[in-house]
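Number of protein chains: 4
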Amino acid sequence: MSRPEKLKVGIVGGTGYTGVELLRLLVNHPHVEVVAITSRSEDGVAVADMFPSLRGELDLRFSVPDVKVLGRCDVVFFATPHNVAMRMMPELLAENVRVVDLSADFRVRDAEVWSQWYNETHVCPELLAEAVYGLPEMNREAIRTARLVACAGCYPTAVQLGMLPLLENGLVDDQSLIASCASGVSGGGKATKVPMLMAEASDNFKAYGASGHRHLPEIEQGLADMAGHAVQLTFVPHLVPMIRGINATLYSVLKSNAPSLAQLQTLFEQRYQDEPFVDVMPMGSHPETRFVKGTNHCRLALHQPQGRNTLVVLSVIDNLTKGASGQAIQNMNIMFDLPEAAGLNTIALLP
Amino acid sequence: MSRPEKLKVGIVGGTGYTGVELLRLLVNHPHVEVVAITSRSEDGVAVADMFPSLRGELDLRFSVPDVKVLGRCDVVFFATPHNVAMRMMPELLAENVRVVDLSADFRVRDAEVWSQWYNETHVCPELLAEAVYGLPEMNREAIRTARLVACAGCYPTAVQLGMLPLLENGLVDDQSLIASCASGVSGGGKATKVPMLMAEASDNFKAYGASGHRHLPEIEQGLADMAGHAVQLTFVPHLVPMIRGINATLYSVLKSNAPSLAQLQTLFEQRYQDEPFVDVMPMGSHPETRFVKGTNHCRLALHQPQGRNTLVVLSVIDNLTKGASGQAIQNMNIMFDLPEAAGLNTIALLP
Amino acid sequence: MSRPEKLKVGIVGGTGYTGVELLRLLVNHPHVEVVAITSRSEDGVAVADMFPSLRGELDLRFSVPDVKVLGRCDVVFFATPHNVAMRMMPELLAENVRVVDLSADFRVRDAEVWSQWYNETHVCPELLAEAVYGLPEMNREAIRTARLVACAGCYPTAVQLGMLPLLENGLVDDQSLIASCASGVSGGGKATKVPMLMAEASDNFKAYGASGHRHLPEIEQGLADMAGHAVQLTFVPHLVPMIRGINATLYSVLKSNAPSLAQLQTLFEQRYQDEPFVDVMPMGSHPETRFVKGTNHCRLALHQPQGRNTLVVLSVIDNLTKGASGQAIQNMNIMFDLPEAAGLNTIALLP
Amino acid sequence: MSRPEKLKVGIVGGTGYTGVELLRLLVNHPHVEVVAITSRSEDGVAVADMFPSLRGELDLRFSVPDVKVLGRCDVVFFATPHNVAMRMMPELLAENVRVVDLSADFRVRDAEVWSQWYNETHVCPELLAEAVYGLPEMNREAIRTARLVACAGCYPTAVQLGMLPLLENGLVDDQSLIASCASGVSGGGKATKVPMLMAEASDNFKAYGASGHRHLPEIEQGLADMAGHAVQLTFVPHLVPMIRGINATLYSVLKSNAPSLAQLQTLFEQRYQDEPFVDVMPMGSHPETRFVKGTNHCRLALHQPQGRNTLVVLSVIDNLTKGASGQAIQNMNIMFDLPEAAGLNTIALLP
């Protein structure tokens with residue numbers, strides 16, 4: 017196959033953590049050229065001045081977002097907070113650009129539910145039906161042809177990949193699911209809030225959003241798609257004094273006719289055997305977030321404490337890679353018929 | 017009451033983390049004098065040479081354990097790994113010393129169960145019935161007169177205090193309890209194992225012991241005492257890159273006739289209103305481990321996500337203080353009719 | 017001496033890190049009562065709501081600063097950024113209150129120099145001559161009777177205590193002094209700046225302010241007082257991914273007739289033998305910041321690498337305690353003829 | 017040029033941190049195949065079982081070191097503690113293998129000096145003269161044809177690259193050089209010592225080896241090569257609570273006729289303009305260790321505080337990459353006429 021030219025990529029909102037993570041990966045992507053990266057506040061600033069890790073790797077300056085410029089790209093990533101992408105989306109799609117949105121704007125199909133959790137009215141609900149939820153392990157075929165991919169969020173990715181084989185096969189009580197999750201501080205983005213200061217967040221551990229967190233409707237929607245009906249999940253996130261990484265410890269009650277742990281292990285291995293980025297670790301394993309740091313992998317392990325009827329699935333990802341920018345690139349690779357792992361071959365630092 | 021002399025205190029196994037934590041607290045305890053601290057390997061070494069934080073505070077040297085010397089103490093603390101205290105206990109009790117054991121040797125009343133989890137035969141099972149489980153909020157009266165107090169473990173303390181009002185009042189399904197817990201690295205003690213190296217444990221998060229952890233039988237025994245019958249708990253511990261602290265996120269299913277969240281909040285507040293070291297935080301709170309760092313407090317908060325029937329209780333302690341040495345001193349204070357908070361008035365560093 | 021009543025203490029600017037550190041220490045101070053703590057932004061908020069570590073320890077609310085209220089105190093602490101204390105100072109001193117200023121407003125005696133480094137005009141330069149520099153090891157007698165004590169800064173305390181015996185005795189070349197220092201992130205205060213986010217500052221190390229830092233003129237002034245003439249210091253601070261602590265590694269060239277290392281060790285020990293908060297560790301020691309965490313101690317050690325003529329002094333303090341709030345209380349104790357260590361008996365957590 | 021086959025690479029001592037770092041980089045190296053990796057203790061264990069970050073990337077098992085097997089390699093890396101490589105070296109060189117030694121065995125040319133610092137007798141001093149010191153920025157031409165390259169150590173690399181242009185040009189007093197350095201904990205290797213436990217090393221900062229450190233003779237030898245005569249360096253290392261990274265803050269006294277700071281900046285830029293892995297940052301910069309984490313770069317910046325005659329050079333590297341395994345691969349690339357940056361194009365994670 018001849019691939020005469022590199023894909024032209026634009027990034028809206030390049031100053032945040034998902035923006036620089038996109039750049040880190042795209043700079044070494046063999047089939048891609050980043051041609052525009054926007055920031056209203058940093059217009060004209062060299063990207064490598066803000067992110068010295070990119071010195072010598074990228075000769076590009078931030079520019080104000082301009083639909084004309086972005087319209088000449090093959091694909092545009094939105095690495096923005098929620099409530100930005102949806103405002104530019106109709107105009108941008110009209111330019112025949114394909115879009116991968118890393119924000120939450122198009123993940124929840126029900127505009128009412130979205131509004132309730134994000135305290136905003138959705139400005140283009142008509143696109144919600146068209147948007148494809150960007151979790152390749154669920155939606156690979158739909159992603160191939162999508163104009164607009166709404167990348168799965170970080171917690172949702174870790175939880176859904178850990179529960180997918182169970183719910184697809186109806187093996188657990190899906191009305192009493194529990195996801196006790198923990199994230200590194202980069203999950204909070206680059207916003208300067210007191211609780212995210214190192215003096216506050218380090219040498220500490222806490223739950224947050226225990227009464228309700230914005231990722232819940234997204235996760236329950238995805239799990240319902242797997243189960244074929246509505247599910248109930250209790251989701252409690254925690255903040256870990258580390259930079260990157262999400263761990264989901266998933267508790268579910270096995271149905272009385274559920275297979276044995278060894279059979280479940282095999283089921284998981286088979287479900288994911290062709291997935292380039294999901295690794296079912298051997299029985300008895302405990303995945304660690306550092307095993308996937310900076311990589312696009314999700315690593316899973318199964319446990320059945322005391323052989324009782326509660327199954328424990330452990331699921332780890334890097335929130336900025338498989339939980340955001342890596343998954344966005346994986347989606348792009350699928351959309352443009354590139355090798356799915358192109359640009360995503362980094363190996364975790366250890367130690 | 018006249019209190020003419022200070023209590024003479026001995027510590028067996030003073031070189032570990034619970035040992036130095038005992039010293040930190042006892043040095044400023046107004047009614048106590050530490051007269052002996054043992055270590056076979058460090059015999060003759062000045063304690064302040066090993067722990068420079070104690071320079072100028074404590075003029076004492078490590079000595080080899082000697083029942084004669086310890087026998088002249090009013091109280092002896094065991095700050096040893098399991099399988100040490102039980103070997104000295106009969107001889108020591110024969111000297112009319114009262115003992116507070118911080119190790120696991122006398123926590124589980126069933127010698128068979130103990131042997132199964134600790135891979136040792138219990139050498140003095142006849143003392144198991146006499147030993148009082150050292151969780152003051154459960155057993156204060158029995159502790160007053162006990163010869164031998166088996167201090168509650170770290171995870172068990174956090175979990176039991178969070179579940180006590182629920183189980184005493186039969187408000188939740190006690191056959192499907194879940195404790196998703198997380199501990200700082202000092203919980204692993206001073207043993208030099210690769211996974212506890214800073215290069216391995218920092219900037220990382222992982223579950224461990226997910227298929228079964230030694231603290232399970234202790235916790236289930238305590239919860240059963242509260243419920244009046246056997247319970248089932250799924251307990252998954254995690255390792256947090258922080259030094260001290262335990263967080264227990266407790267999930268339980270409310271019975272259909274259970275009170276409202278506001279009523280549960282009141283119930284918790286009433287249950288603990290006279291407890292000097294249990295703090296029920298306001299509705300909506302998220303306790304953080306740093307709020308109790310270096311102190312003997314447990315701080316709790318209740319949540320009912322989406323108003324569904326799963327209750328979430330958050331419980332934090334310092335694993336070395338309320339989870340070990342502080343609780344041991346609280347037990348000692350009760351045993352010797354001292355003010356229960358004597359020596360335990362430290363306030364957490366913030367930040 | 018009869019001491020019928022507790023000192024009435026006011027704190028201006030109680031929401032920052034030096035404010036809460038003052039509270040942590042003053043709550044357990046036997047001769048003090050905190051009667052007012054101000055914050056314009058948090059007026060009416062319970063202090064323990066902002067700092068849950070103080071729940072159950074302090075029943076006080078923030079109030080707007082009011083000279084009438086503060087004027088009824090015996091002593092007022094300023095725990096504010098620079099440029100606040102000097103604006104209230106004349107009015108407050110007129111109320112016959114004694115003041116301990118933790119900010120930089122009155123540390124540098126030369127108003128011109130101060131203006132140059134702080135980019136502000138000094139509004140009450142007439143008080144600069146009266147203000148006593150609050151480093152007790154240098155100025156104890158002057159502190160006793162001072163109306164206004166300007167507490168020594170964090171880096172300046174660590175550096176000056178490490179160099180004091182050398183400069184007082186003229187043993188090193190004081191025109192080529194080097195202080196390579198490192199601070200935990202709490203030194204940056206509670207201000208929300210991107211570089212202080214945990215995602216930016218953790219798992220990282222960097223120099224900052226290498227071309228010039230505001231603490232330089234304060235340090236050089238203090239060193240000049242010791243030497244009896246102007247000195248030259250190269251001062252480079254670094255940011256360490258820890259919460260509290262300062263380490264100063266001090267390099268100086270011994271004069272050709274300087275005493276031996278063993279003699280220097282003795283000289284340091286003698287100079288500080290009556291100082292309650294300066295600990296000269298044994299030859300060959302390496303003080304660690306955790307050895308003084310949360311305490312008012314400075315720990316020092318001397319090295320002479322390869323027996324050459326460069327002397328290395330290592331000096332550690334807790335930037336918020338001996339480097340700020342602890343030292344402020346030590347100054348207060350001296351001013352009011354209280355035991356100098358009152359309220360300052362905390363022992364460092366280890367681990 | 018045709019390059020029909022991949023280089024066959026062997027690694028002796030693959031279980032430590034420099035071993036796994038070699039693997040991380042070599043797995044993605046386009047011109048290399050790892051054919052053997054040895055460990056006596058882990059013989060037969062799959063490498064990916066010990067390092068789950070390599071799951072799916074490397075299908076190789078540890079084997080006992082065997083000169084026959086290693087002798088069939090094109091190049092062998094020693095990722096061992098000191099005192100191992102020198103024992104196998106003569107036999108291995110006899111097989112016509114080229115060797116890159118990451119340990120300290122062949123770095124110091126004077127066997128007497130080596131013995132004094134490493135407390136071992138050197139077993140093949142006759143090879144010391146042949147060994148080429150593996151700092152490409154100094155010795156690129158000699159490396160090309162070397163049989164045995166002794167890779168520069170971590171601190172030595174950071175210090176030497178920061179001082180090279182100054183000493184080559186005789187611009188500073190080379191008898192009073194100071195290197196105040198700081199390293200992450202991975203510098204201590206995977207050896208299980210109490211001070212390297214996370215409970216001991218985190219939230220802490222300390223100097224160590226202040227009276228003399230093994231890297232001193234290596235550094236002074238390199239600096240002397242640059243200067244053309246013996247130099248004197250005071251070197252004090254510090255331990256930082258981070259995993260990877262070295263910062264060297266270098267102090268030197270400019271000669272009276274030295275050029276201006278701007279001219280020095282230009283001099284540094286010119287000296288390193290063709291170096292693929294040395295980045296002279298703009299005037300006023302503060303390199304951070306995270307800017308080079310996981311990469312083979314050294315980033316430098318110059319400061320002249322207060323315009324006085326002390327020059328400050330800041331130098332950062334990743335101790336495991338440019339300070340060990342990355343540099344080893346750079347050396348290999350040079351030895352085998354491969355593109356010097358092959359396999360070394362990783363970009364630092366930020367955040």
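Chains as they are written, first to last, in the numbering used here: chain A, 17 to 367; chain B, 17 to 367; chain C, 17 to 367; chain D, 17 to 367. Idealized CB from N, CA, C, for every residue including glycine.
Can a CB atom of chain A be found closer than 7 angstroms to the CB of residue i?
i, result
"Ile333(C)", "no"
"Val256(B)", "yes"
"Thr311(C)", "no"
"Pro152(D)", "no"
"Ser57(C)", "no"
"Asp219(B)", "yes"
Between the Cα of residue i and the Cα atoms of the options, which residue gives the shortest distance?
i, options, result
"Ala21(A)", "Leu354(A), Ala364(A), Leu366(A)", "Here the sequence assigns Glu to residue 21(A), which means Ala is not the residue at that position. Answer by Cα proximity: Leu354(A)."
"Val48(B)", "Ala127(B), Cys197(B), Leu360(B), Glu184(B)", "Leu360(B)"
"Thr54(D)", "Gly72(D), Gly32(D), Ser69(D), Arg71(D)", "Gly32(D)"
"Phe352(B)", "Val329(B), Pro81(B), Ala340(B), Arg156(B)", "Arg156(B)"
"Phe251(A)", "His245(A), Leu336(A), Leu239(A)", "Leu239(A)"
"Gly200(A)", "Asp295(A), Asp59(A), Gly310(A)", "Gly310(A)"
"Phe94(C)", "Tyr267(C), Ile345(C), Leu316(C), Leu277(C)", "Ile345(C)"
"Gln281(A)", "Thr362(A), Met297(A), Gly87(A), Ile333(A)", "Met297(A)"
"Phe78(D)", "Ala52(D), Gly72(D), Lys84(D), Leu283(D)", "Ala52(D)"
"Asp90(D)", "Leu109(D), Pro46(D), Val36(D)", "Leu109(D)"
Please decide whether residue i counts as near chain B, where near means a Cβ-Cβ distance under 7 angstroms.
i, result
"Ile27(C)", "no"
"Ala364(C)", "yes"
"Arg40(C)", "yes"
"Met66(D)", "no"
"Ala215(D)", "yes"
Output the boundary residues of the beta strand (DSSP E) element that contains residue i.
i, result
"Arg114(C)", "114-117"
"Gly150(C)", "148-150"
"Lys24(D)", "23-28"
Whose Cβ in chain D lies nearer than 7 angstroms to the Cβ of residue i?
i, result
"Leu330(C)", "Ala223, Ala226"
"Gln279(C)", "Those do not exist, as Gln279(C) stays about 16 angstroms from chain D at its closest Cβ, beyond 7 angstroms."
"Lys209(B)", "Thr208"
By the criterion of Cβ-Cβ separation under 7 angstroms, what are the contact partners of residue i in chain C?
i, result
"Ser69(B)", "Phe307, Ile363, Ala364, Leu366"
Under 7 angstroms, Cβ to Cβ, is there at least one residue of chain C near residue i?
i, result
"Met17(D)", "Because Met17(D) carries a pLDDT of 43, less than 50, the predicted location of this residue cannot be relied on, and the following value inherits that uncertainty. Not one chain C Cβ lies under 7 angstroms of Met17(D)."
"Thr282(D)", "no"
Under 7 angstroms, Cβ to Cβ, is there at least one residue of chain D near residue i?
i, result
"Ser341(A)", "no"
"Glu111(C)", "no"
"Met105(B)", "no"
I want to verify the contact list: residues of chain G whose CB lies under 8 angstroms from the CB of residue i, in sequence order.
i, result
"Ala95(A)", "The structure shown contains no chain G; the protein chains it does contain are A, B, C and D."
For a contact meaning CB atoms closer than 9 angstroms, what does residue i contact in chain B?
i, result
"Val36(C)", "Leu366, Pro367"
Which residue comes first and which comes last in the alpha helix (DSSP H) that contains residue i?
i, result
"Ser131(D)", "127-134"
"His231(B)", "231-243"
For a contact meaning CB atoms closer than 8 angstroms, what does residue i contact in chain D?
i, result
"Ser202(B)", "Ala215"
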